[in-house]
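Plus 9 on top of the position in the sequence shown (first one is 1) and you've got my numbering. Don't be surprised by glycine CBs; every beta carbon is placed ideally from N, CA and C. Contents: one structure, followed by commentary.
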Amino acid sequence: MTRKLRVGVIFGGRSGEHEISLQSAKSILAALDRDKYEVTEIGIDREGQWMLSGDPMKALSDGAADEDPGRSLVKGERLGVLSVRGDSQPDAVSNLDIVFPVLHGPYGEDGTVQGLLEMAGIPYVGAGVLGSAVGMDKAAMKALLRHAGLNVSLHRLVLRSEWRSGPEAVASDVAREFDYPMFIKPANLGSSVGITKVHNAAEFQPAMDLAAKYDLRILVEQAIEDAREIECSVLGNDRPEASVCGEVFPAGEFYDYESKYLDDRSRTVVPADLPDGLHDRIKMMAVEVFTALDICGMARVDFLVRRADDKVFVLEANTIPGFTQISMYAKLWEASGLPYAGLLDRLIELGLERFRERSEMRVTR
Ligand SMILES: Nc1ncnc2c1ncn2[C@@H]1O[C@H](COP(=O)(O)OP(=O)(O)O)[C@@H](O)[C@H]1O
Ligand SMILES: [Mg+2]
10 MTRKLRVGVI FGGRSGEHEI SLQSAKSILA ALDRDKYEVT EIGIDREGQW
60 MLSGDPMKAL SDGAADEDPG RSLVKGERLG VLSVRGDSQP DAVSNLDIVF
110 PVLHGPYGED GTVQGLLEMA GIPYVGAGVL GSAVGMDKAA MKALLRHAGL
160 NVSLHRLVLR SEWRSGPEAV ASDVAREFDY PMFIKPANLG SSVGITKVHN
210 AAEFQPAMDL AAKYDLRILV EQAIEDAREI ECSVLGNDRP EASVCGEVFP
260 AGEFYDYESK YLDDRSRTVV PADLPDGLHD RIKMMAVEVF TALDICGMAR
310 VDFLVRRADD KVFVLEANTI PGFTQISMYA KLWEASGLPY AGLLDRLIEL
360 GLERFRERSE MRVTR
């Protein structure tokens, strides 16, 4: 019998989406086929400490992460263990065949963990450093999408320093360029954290101040009014495929944090009720987004479709989307004929394939 593939699952993390990551990872840990995979749990607590042994999921879920500092890896202090893959040292991480980073938001979905794994020479699931970083930064992402000819909403990047040193100038520029309502967003977050829908001039300053708490880069974006929210899952490396599309009906005025995770009146419909032509066009655009942002492995691509004229706007791409069995990413594949456990197998294959391809690259003259 061939030996089982050793898969490390990293979860938790320093971002505001720590809890969501634990939920995603629990589903993945429960579904990974133990006949095929030997699974190692790797937890990161909210302070950035790595837990490589014991029961990291239990520790993080119970909030007991600090009880036994002996099994924690303090920030970067012992990251050397990551680089001894293949070494005889019996370290859990050093002997992994592939790592599945199940971390949402900054320090996980943004290319940082991916960079660490590249340095350590360990294959991993999902987008690489570039795709992860541009997928995380809404300003960089929209610039690349527009460059690729994909339709995005009118937007403007404001640096936090620019806002703090000259709020009046920023406010008057924005008032000239945009109509109300508009969205103010931290460029590098997810789960709608720090996002405000601004309806009038009075709401602008508090919205900017809020976004400035979360990021050095703030995005001002024209609201697309009366739009449907359509999502599409993409899977693959160089020849990515799109799932059927789904539709989100947020409980609130927009798909804010409450609507996403707390308000059970939010609904999703899979597959989305769209005319065939429009459905196919969105699927094609989802693949174009994936390629334009240099994503590999997986991404959920989100769209706004304006009811008045069916004009499609790319909202964003998520390189590590919510990943429970009932999350949109998995549901869309399920509806497209690929069940959850099979999806995990495929993602692991794609990660290994990407690693092999990259290993063939020449790095010297
Ligand atoms: N330009 C826009 N027009 C209309 N609704 C928007 C716009 N931008 C964001 N929204 C609403 O805000 C939600 C969160 O925005 P998004 O850019 O997807 O951030 P996040 O990465 O936090 O999910 C969207 O799902 C949508 O409901
Ligand atoms: Mg979103």
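Around the CB of His164, 16 or more other CB atoms lie within 10 Å, so the residue is classed as buried. Between Gly360 and Ile37, the C-beta spacing is not below 8 Å. Judged by DSSP secondary structure, Ser62 falls outside any alpha helix (DSSP H); it is assigned neither H nor E.
For Ile239, the enclosing beta strand (DSSP E) has its first and last residue at Ala236 to Gly245. Residue nearest to Val111 within the set Arg23, Phe263 and Val183 is Arg23 (criterion: CA-CA distance).
For Tyr223, the CB contacts under 7 Å within the same chain, skipping 5 residues up- and downstream, are Pro195, Leu198, Val202 and Gly203 in chain order. Note on the region 136 to 216: whole beta strand (DSSP E) runs with a minimum of 3 residues are 164 to 168, 191 to 195 and 205 to 207, in chain order. Here Lys67 is exposed. Its C-beta has fewer than 16 other C-beta atoms within 10 Å. In this structure, Lys320 has its CB at a distance of at least 7 Å from all heavy atoms of ligand 1.
According to DSSP, Val253 shares a beta bridge with no other residue. Exclusion of the five residues before and after Asp265 leaves Ser201 as the residues of its chain whose Cβ lies within less than 6 Å of its Cβ. As computed with DSSP, Ile19 is found in a beta bridge with Ile51 and Pro110. Arg15 places its beta carbon less than 8 Å from that of Glu47. Straight-line spacing of the CA atoms in Asn246 and Cys305 works out to 5 Å.
A distance criterion of 7 Å places the beta-carbon of Asp146 beyond contact range of ligand 2, judged by its closest non-hydrogen atom. Of the candidates His288, Ile131, Val229 and Phe192, Ile131 places its Cα closest to the Cα of Asn104. Scanning its chain for C-beta atoms nearer than 6 Å, with the 5 sequence neighbours on each side dropped, one finds around Asp272 the residues Ala260, in chain order. Secondary structure at Gln32: helix, using DSSP grouped into helix, strand and coil. Inclusion of Tyr349 and Glu358 in the CB contact set at 8 Å is not warranted, their separation being larger than that value. The straight-line gap separating the alpha-carbon atoms of Thr121 and Ser336 is approximately 24 Å. DSSP places Glu230 in the strand class (E or B) of the three-state scheme.
Residue pairing of Arg309 in beta bridges, as defined by DSSP: Ser242 and Asn327. Boundaries for Thr121: no beta strand (DSSP E) harbours it, while the alpha helix (DSSP H) harbouring it runs Thr121 to Ala129, taken from the DSSP string. Across the set Gly331, His208, Met293 and Arg355, the C-alpha of Gly331 shows the shortest separation from the C-alpha of Ala34. In this chain, the beta strand (DSSP E) harbouring Thr277 covers Arg276 to Val278.
DSSP lists Arg276 as the beta-bridge partner residues of Phe258. The secondary-structure analysis by DSSP pairs Leu14 across a beta bridge with Tyr46.
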